[in-house]
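As structure tokens, the structure follows; a few thoughts come after it.
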Amino acid sequence: MAKRKGFMPKEVLIAIAAGLLSATLALSVASGAAVSVLFVYLAPLPLMLLGLGFGSLIAAIGATAGLLAVFAGSNWFASLVFVLINGLPAVLVSHLALRSQTAEDGTVEWFPPGPILAALAGIGAALFVAAAITSGGSEG
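Okay, so the sequence shown: first residue is 349 according to this note's numbering, each after it adds one.
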């Protein structure tokens with residue numbers, strides 16, 4: 349039996365489940381329980397594991413499922429924040445971490461971790477600047 353290239357429907361179902369889990373963890377803060385703060389910090393984990401296991405396309409599908417779940421459970425602003433804080437870094441990290449090239453001697457060279465961390469720091473800085481700009485005109 350020939351092996352198909354690309355992703356299988358099984359991987360898409362796993363992506364949807366991971367996106368729903370990530371959205372549930374992110375929305376748990378609305379319950380008001382003290383332990384929900386820990387769950388919010390763990391919200392990117394299913395998407396990161398998904399991206400590192402199956403690739404950035406499947407991570408993007410999971411992030412989209414999480415976006416839709418957060419939109420159904422909250423509003424458009426919360427879903428935008430979810431995808432910027434949880435989805436975008438998971439897709440970016442999985443895309444960069446799985447990049448490799450074959451050297452002249454036949455060994456595989458992976459993308460170094462320094463630029464991956466720099467990209468994550470850049471996303472964080474951009475989100476901080478965007479938050480400062482959007483809340484700059486309001487008092488309190």
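Think of the CB as a built atom: it goes at the ideal place given N, C-alpha and C, for glycine as much as any other residue.
None of these values were measured; they are calculated from a predicted model.
- Could you check what DSSP says for S370 in three-state terms: helix, strand or coil? helix
- Message: Beta-carbon within less than 7 Å of L296's beta-carbon, same chain only, minus the 5 sequence neighbours each way: which residues are those?
- Response: Because the chain here runs from 349 to 488, residue 296 falls outside it and cannot be looked at.
- Task: Entirely within the region 390 to 449 and at least 4 residues each: give me those alpha helix (DSSP H) ranges in chain order.
- Result: You should have 392 to 402, 404 to 421, 424 to 430 and 436 to 445.
- Message: For M396, which residues in the same chain have their Cβ closer than 6 Å to its Cβ, ignoring the five residues on either side in sequence?
- Response: Excluding positions up to five away in sequence, the list reads A438.
- Task: For the beta strand (DSSP E) holding V456, just list the boundary residues, first then last.
- Result: V456 to W458
- Given M349, which residues of its chain have a CB within under 8 Å of its CB, disregarding the five upstream and five downstream residues? The predicted position of M349 is uncertain, since its pLDDT is 46 and thus under 50; no value can be drawn from it.
- Item | Start and end residues, alpha helix (DSSP H) containing G462 | P461 to T482
- Item | Chain-order list of residues whose beta-carbon lies under 8 Å from that of I406 (same chain, five-residue window excluded) | Take I406, set aside five residues on each side of it, and the residues of its chain with a beta-carbon closer than 8 Å to its own are F355, E359, V360, I362, A363, L398 and G399, in chain order.
- Message: At a cut-off of 7 Å, would you count A363 as near the ligand COA, judging by its Cβ distance to the nearest heavy atom?
- Response: With respect to the ligand COA, the structure shown offers nothing to examine, as it has no ligands at all.
- Could you check the C-alpha separation between T372 and A451 for me, to the nearest Å? If I take the Cα positions, the gap works out to 43 Å.
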